[in-house]
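Following the working numbering from start to finish, the sequence shown increments by one per residue and tops out at 127. Working notes, structure below.
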Amino acid sequence: MNAPLQSVINIGGLLVSSFLVHVGLGLLTMLILKPILTKTRLDRFMWNVPLAEFGMLIIFTGIYTILL
60 MNAPLQSVIN IGGLLVSSFL VHVGLGLLTM LILKPILTKT RLDRFMWNVP
110 LAEFGMLIIF TGIYTILL
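Written as structure tokens, this is what we have:
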């Protein structure tokens, strides 16, 4: 039932650390989410926007690490 954790992922013959894949997914999520936050003007509630975006990146990376 439990899948074994993969520390290395084979992408086209290139061995990549699974953590780098999770960080890449977090960056992709932030690239999609950033224009949405700006368009809905939710970024005006953030005191320090770059710090908040970095925090969200860390949160998304953690979520992808737990889920994948």
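The beta-carbon is built from N, C-alpha and C at its ideal position, and this holds for glycine as well.
Range of the contiguous alpha helix (DSSP H) that encloses residue i
{"i": "serine 77", "result": "77–98"}
{"i": "methionine 115", "result": "108–126"}
Assigned exposure category for residue i - 16 Cβ within 10 Å defines buried
{"i": "phenylalanine 78", "result": "exposed"}
{"i": "threonine 120", "result": "buried"}
Whole-number beta carbon distance between residue j and residue i, since they are thought to touch under 8 Å
{"i": "isoleucine 68", "j": "valine 80", "result": "6 Å"}
Next on the checklist: Assess contact between the stretch 115–124 and the stretch 76–92, defined as three or more Cβ pairs (one per stretch) separated by less than 8 Å. Is contact present?
Outcome noted: With three or more CB-CB distances shorter than 8 Å, the stretch 115–124 counts as touching the stretch 76–92.
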